[in-house]
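First residue of the sequence shown: 8, per my numbering; consecutive thereafter.
All C-beta atoms, glycine included, are put in the ideal place defined by N, C-alpha and C.
In this text, all values refer to a predicted model and were calculated from it rather than measured experimentally.
For reference, the structure discussed in these notes is given below.
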Amino acid sequence: MMHAPPRRRADATRAHAGNRWVTPGILALALACGREHGGDAGAEGSASAGATMVTAAGDSADTAVDFILQPDGGPVLECDTFAHDCPAGSKCMPWAADGGDSWNATHCVTVPEGAAAPGEPCMVEGSPVSGIDDCDETSMCYFVGTSDGLGICVPFCGGTLEDPTCAAATVCSAANGGVLNICRSLCDPLVQDCPLTASCLPTPSRDQFVCVLDGSDGGGKAGAACEFANACAPGLFCAAPATVPGCDSSVGCCSHLCDLTAPDADEQCTIGGGQECVPWFDPGTAPAAYANVGACALPQ
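Spelled out as structure tokens, the structure:
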């Protein structure tokens, strides 16, 4: 596994709701640090897209890029998924050049005949990070969550790293120093409407939620320690230790997302210990689609 990446300082901005306060930067800290763990990948090992995330906006109103910086010397780029600079009949693919379990390099691989298009089922060869799959030249096999190697073709980001493009209702996520550049679907964190092998989690900018590979491996219950951004079960997120009662992890512990409009909103916070369902967004800033999204946290 990769070494733990450096952490960003949390945003000190606070949101107020009546007598409830929550620090959004602390609530989103798990996605602003932490690695993306790939969950159960069978004997071949798990896939993680480890990294530290920072955010920059693209030109399109429906597009943003979440940059994830890789420590320990950076990636080995033999090709560029943005530039499509591989020979005809091949594509640039992220892979684990060291035989490990995280994408840390790119290489050119042959695109098979009858390759699957974005959104279609796919299969990887070997481990989820082998860099070999049956998706077409515009996509890679992602959301591979079981030992059978099955996943879904997810499109690469278009444009450039500085000006990325993705289809409407998706966000460009540039991970591991430019190795893993894919368009992630926007989602509803209270519905958890992602594929079965994914969780709906916040982006580092905290104003959107996207589908991320579920790395909970059947664990990640409320109150459990979480080292990875996606180590909590769907419907929960990796929150900063200070917001979760009894959390003795230096990184974070799993806590519930909650519906502010529910009559029993605070009862969604099953950990107890004074946690309340507090607004995820600053007053007056919540997008209409996420107006009722809250997080279980200790009021600050």
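- Could you give the DSSP three-state label for residue 248: helix, strand or coil? In the structure shown, residue 248 sits in a helix (DSSP, three-state: H, G or I).
- Skipping 5 residues on each side, what residues in its chain have a beta carbon closer than 7 Å to that of residue 214? Correct list, in chain order: 294.
- Task: From the DSSP output, in three-state form, read off residue 141 for me.
- Result: Residue 141: coil per DSSP, three-state reduction.
- Item | Reduced DSSP secondary structure (H/G/I, E/B, other) of residue 283 | Here residue 283 sits in strand by DSSP.
- Message: So, does the region 222-240 touch the region 248-268, judging by three or more C-beta pairs under 8 Å?
- Response: With three or more CB-CB distances shorter than 8 Å, the region 222-240 counts as touching the region 248-268.
- Query: Run through DSSP, which three-state label would residue 266 get?
  - Reply: If DSSP states are grouped into helix, strand and coil, residue 266 belongs with the strands.
- Task: Could you check if residue 229 is buried or exposed, using at least 16 other CB atoms within 10 Å of its CB as the buried criterion?
- Result: Residue 229 comes out buried.
- Taking only the alpha-carbon atoms, compute the straight-line gap between residue 142 and residue 189 and give it to the nearest angstrom. When rounded, the distance between both Cα atoms is 13 Å.
- Message: Bridge partners for residue 102 per DSSP, in chain order?
- Response: Partner(s): 112.
- Item | Beta-carbon gap between residue 117 and residue 133 smaller than 8 Å | Residue 133 is positioned such that its CB atom lies no closer than 8 Å to that of residue 117.
- Roughly how many angstroms lie between the CA atoms of residue 88 and residue 110, to the nearest whole one? So the two alpha carbons sit approximately 13 Å from each other.
- Query: Where does residue 124 fall in DSSP's three states?
  - Reply: Residue 124 falls in the coil class under three-state DSSP.
- Query: Which residue's Cα is closest to the Cα of residue 227: 216, 210, 113, 206?
  - Reply: It is 206.
- Considering only residues of the same chain and omitting the five flanking positions on each side of residue 91, which have a CB-CB separation below 8 Å? For residue 91, where only same-chain residues beyond five positions count, the Cβ hits under 8 Å are 98, 99, 144.
- C-alpha distance - residue 201 paired with residue 165, whole-angstrom precision: Distance between the alpha carbons of residue 201 and residue 165: 22 Å.
- Is the Cβ-Cβ distance between residue 218 and residue 256 less than 8 Å? Taking 8 Å as the Cβ cut-off, residue 218 and residue 256 do not qualify as a contacting pair.
- Query: Once you ignore the five residues that flank residue 266 on each side, which residues in its own chain have a CB closer than 6 Å to its CB?
  - Reply: Residues of the same chain with a CB within less than 6 Å of the CB of residue 266, apart from the 5 flanking positions on each side, are 197, 299 in chain order.
- Task: Figure out for me which residue from 161, 105, 195, 186 has the closest Cα to the Cα of residue 85.
- Result: When only C-alpha atoms are compared, the closest one is 186.
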